[in-house]
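Participant: Before I ask anything, here is the structure I am working with.
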DNA sequence: GGACGACCTGAACAATTGCTCACAATAGTG
DNA sequence: CACTATTGTGAGCAATTGTTCAGGTCGTCC
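Residue numbers (my numbering), protein chains in the order written: chain Z, 2 to 210; chain R, 2 to 210.
Here it is in structure tokens:
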């Protein structure tokens, strides 16, 4: 069923410039509509309407509604992944607090565009879909990174590095989501400071920061 | 529109025992279906089917789908609220860590039944509805409680008590959600210890636990 | 400039959903 | 038993949704 449909919908590479433009307009509109109304209420017709594109065009570029969200998620995760990759190469030495600060800053920056959209991605996303797979794969990568950090860095004092890493990654990600998308959002700079303090004190076993 | 419907649907108090039973069956089924499939895919017909009750009966007890989720949420929040109330009366003295531990334990216990359902409540809940109002009101109560604690308790060392309280409440709530509903959940006892450590070290300014 | 393919259009379809209503079954009362 | 109120039933309606398709418009290249 679904695989047949996918065969009927082999979206091609655009040959003309306007095609790429249309594609981008659809994606922007989808980001806005999903962020504003959530995934369920963000209908494809509404997305097409906001993109000033016919519904037919939308389905020329995306085989179904899920695919739109999937691309949105993929792009977002890739940005985060790249930023973390850069961080990993640049800053080999440094205090734990400094490393965590860079980490936190990346996550905050990565969410600055549209916090509500990201909330949709993490929450309203269809269950058990490829979207969730990608999100959790990305999460596992980050946990692995932090776990290695906790193992290697001399300031780190935790018993179970794996559980601690899971705690830290989840804390940073979830609190940034929650506290920047809240009706009364915490200011970014302060949020960064508090998150760094929290996570660092936890990882250093309550010792000096 | 909606208000007219509500007038047509003044659900009465049940006069016979079987009515209360049916109501409970519907609620249990809804909890299961929502937890399993999410809010959008958890259709009223599916709920009725699982409750072994006709769809008509379901609508005799709940005016619409939202009302079912609302009751589920209300009950859950009330349980948490009552538990916190009891805590507040019992334990006036104690170390910060001890108080936080009691707090964390309540949240974990409150989620033990069906972690996935709670995820639905917090996430898939219809946007800008009464459900969200209740959730955020409960959250504000907890923030106020923690804020007062941070102000009064001698061990607490934080600059901005309000922001710190928001961080702490959000951390406990979100991490319990995330790490008990994950595919590879963290064991409850360990989660409690780690959360208490994290929050306490944060609140005491990195000093001794 | 004509012709072919890339691109775009939007009315309409099939499927699904929340929900209603006319009726049936059951419990309580005398 | 008969009568009424309470509770239960489920086919089907109205509305909405994701998606398709027959046919247009536009760009590009000979």
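Built from N, CA and C at the ideal position, the CB exists for glycine as well. Because the structure is a prediction, the values reported are computed rather than measured.
So which of R:196, R:116, R:195 has the shortest CA-CA distance to residue 37 (chain R)?
Facilitator: Cα-wise, what sits closest to residue 37 (chain R) is R:116.
Participant: Three-state secondary structure (DSSP) at residue 155 (chain Z)?
Facilitator: Residue 155 (chain Z): coil per DSSP, three-state reduction.
Participant: Given a cut-off of 7 angstroms, decide if residue 171 (chain Z) and residue 120 (chain R) are closer than it, judged by their beta-carbon atoms.
Facilitator: In this structure, residue 171 (chain Z) does not lie closer than 7 angstroms to residue 120 (chain R) by Cβ.
Participant: Entirely within the stretch 7-77 of chain Z and at least 4 residues each: give me those alpha helix (DSSP H) ranges in chain order.
Facilitator: Complete alpha helix (DSSP H) runs here, min 4: 18-42, 45-51, 56-62.
Participant: If I follow the unbroken alpha helix (DSSP H) through residue 123 (chain Z), where does it start and stop?
Facilitator: Taken as a continuous stretch (DSSP letters only), residue 123 (chain Z) belongs to no alpha helix (DSSP H), as it is neither H nor E.
Participant: If you compare alpha carbons, which of Z:128, Z:140, Z:50, Z:26 is closest to residue 79 (chain Z)?
Facilitator: Considering only alpha carbons, the answer is Z:140.
Participant: Tell me whether residue 205 (chain R) is buried or exposed, calling it buried when 16 or more other Cβ atoms sit within 10 Å of its Cβ.
Facilitator: Classification of residue 205 (chain R): buried, given that the 10 Å Cβ count is 16 or more.
Participant: Roughly how many whole angstroms lie between the Cα atoms of residue 201 (chain R) and residue 62 (chain Z)?
Facilitator: Approximately 51 angstroms between the Cα atoms of the pair.
Participant: Run down chain Z in chain order and give the residues with a C-beta less than 7 angstroms from the C-beta of residue 171 (chain R).
Facilitator: The answer, in chain order, is 176, 179, 180.
Participant: So, are the CB atoms of residue 26 (chain Z) and residue 68 (chain Z) less than 7 angstroms apart?
Facilitator: No; because the gap between Cβ atoms is not below 7 angstroms, this pair is not in contact.
Participant: Output, in sequence order along the chain, the residues in the stretch 93-118 of chain R whose CB is closer than 8 angstroms to any CB in chain Z.
Facilitator: Correct list: empty, as no residue qualifies.
Participant: Compare the C-beta of residue 128 (chain R) against all C-beta atoms of chain Z and say whether one is closer than 7 angstroms.
Facilitator: Yes - at least one Cβ of chain Z is within 7 angstroms of the one on residue 128 (chain R).
Participant: How many angstroms separate the CA atom of residue 195 (chain Z) from the CA atom of residue 45 (chain Z)?
Facilitator: Taking the straight line from one Cα to the other gives about 40 angstroms.
Participant: Measuring alpha carbon to alpha carbon, tell me which residue in Z:75, Z:175, Z:104 is nearest residue 89 (chain Z).
Facilitator: When only C-alpha atoms are compared, the closest one is Z:104.
Participant: Taking the alpha-carbon of residue 113 (chain R) as reference, which of R:86, R:49, R:187, R:146 has the nearest alpha-carbon?
Facilitator: That would be R:187, whose Cα lies nearest to the Cα of residue 113 (chain R).
Participant: Applying the criterion that 16 or more other CB atoms from any shown protein chain within 10 Å of the CB defines a buried residue, is residue 193 (chain Z) buried or exposed?
Facilitator: Its Cβ being crowded by 16 or more others within 10 Å, residue 193 (chain Z) is buried.
Participant: Could you tell me whether any Cβ in chain Z is nearer than 7 angstroms to the Cβ of residue 43 (chain R)?
Facilitator: For residue 43 (chain R), the answer is no, since every Cβ of chain Z falls outside 7 angstroms of its Cβ.
Participant: Measure the C-alpha to C-alpha separation of residue 149 (chain Z) and residue 60 (chain R) and round it to an integer number of angstroms.
Facilitator: Taking the straight line joining both Cα atoms gives about 54 angstroms.
Participant: Given a cut-off of 7 angstroms on the beta-carbon distance, is the pair residue 109 (chain Z) and residue 177 (chain Z) in contact?
Facilitator: Yes, these two residues count as a Cβ contact at 7 angstroms.
Participant: Threshold first: 4 residues or longer. Then list the alpha helix (DSSP H) segments lying entirely within the stretch 147-193 of chain R, N to C.
Facilitator: Entirely contained in the stretch 147-193 of chain R, the alpha helix (DSSP H) runs reaching 4 residues are, in chain order, 162-182.
Participant: Determine the chain Z residues that contact residue 203 (chain R) at a beta-carbon separation under 9 angstroms, and present them in chain order.
Facilitator: Neighbours of residue 203 (chain R) on chain Z, chain order: 195, 198, 199, 200, 202, 203.
Participant: Using C-beta distances below 7 angstroms, list every residue in its chain close to residue 130 (chain Z), excluding the 5 sequence neighbours before and after it, in chain order.
Facilitator: Same-chain partners within the cutoff: 67.
Participant: What are the start and end residues of the alpha helix (DSSP H) that includes residue 110 (chain Z)?
Facilitator: Segment 97-112, the alpha helix (DSSP H) holding residue 110 (chain Z).
Participant: Mind checking if residue 39 (chain Z) is an interface residue toward chain R, Cβ cutoff 7 angstroms exclusive?
Facilitator: Chain R contact via Cβ: present.
Participant: What is the DSSP secondary structure of residue 130 (chain R), reduced to helix, strand or coil?
Facilitator: Reduced to three states, the DSSP call for residue 130 (chain R) is coil.
Participant: What separation, rounded to the nearest whole angstrom, lies between the Cα atoms of residue 173 (chain Z) and residue 91 (chain R)?
Facilitator: One C-alpha to the other measures close to 33 angstroms.
Participant: Check the Cβ-Cβ distances between residue 70 (chain Z) and every residue of chain R, and say whether any is below 7 angstroms.
Facilitator: No, residue 70 (chain Z) does not count as interfacial toward chain R.
Participant: Tell me the rounded alpha-carbon separation between residue 87 (chain Z) and residue 146 (chain Z).
Facilitator: Residue 87 (chain Z) and residue 146 (chain Z): Cα-Cα distance of roughly 13 angstroms.
Participant: Quick check on residue 1 (chain R): does DSSP put it in helix, strand or coil?
Facilitator: Examination of residue 1 (chain R) is not possible in this model, given that chain R is present from 2 through 210 alone.
Participant: So is residue 151 (chain Z) in contact with chain R if we call contact Cβ pairs under 7 angstroms?
Facilitator: No - not a single Cβ of chain R is within 7 angstroms of the one on residue 151 (chain Z).
Participant: Rank Z:31, Z:58, Z:64, Z:57 by C-alpha distance to the C-alpha of residue 48 (chain Z) and give the top, closest one.
Facilitator: If we check each option's Cα against that of residue 48 (chain Z), Z:31 comes out closest.
Participant: Beta-carbon of residue 168 (chain Z) versus every beta-carbon of chain R: anything under 7 angstroms?
Facilitator: Judged by the 7 angstroms Cβ criterion, residue 168 (chain Z) is in contact with chain R.
Participant: Which chain R residues are close to residue 165 (chain Z), counting only those with a beta carbon under 8 angstroms from its beta carbon?
Facilitator: By Cβ distance, chain R contributes 195.
Participant: What do you get for residue 181 (chain Z), buried or exposed, if any count of 16 or more other CB atoms within 10 angstroms of its CB means buried?
Facilitator: Classification for residue 181 (chain Z): buried.
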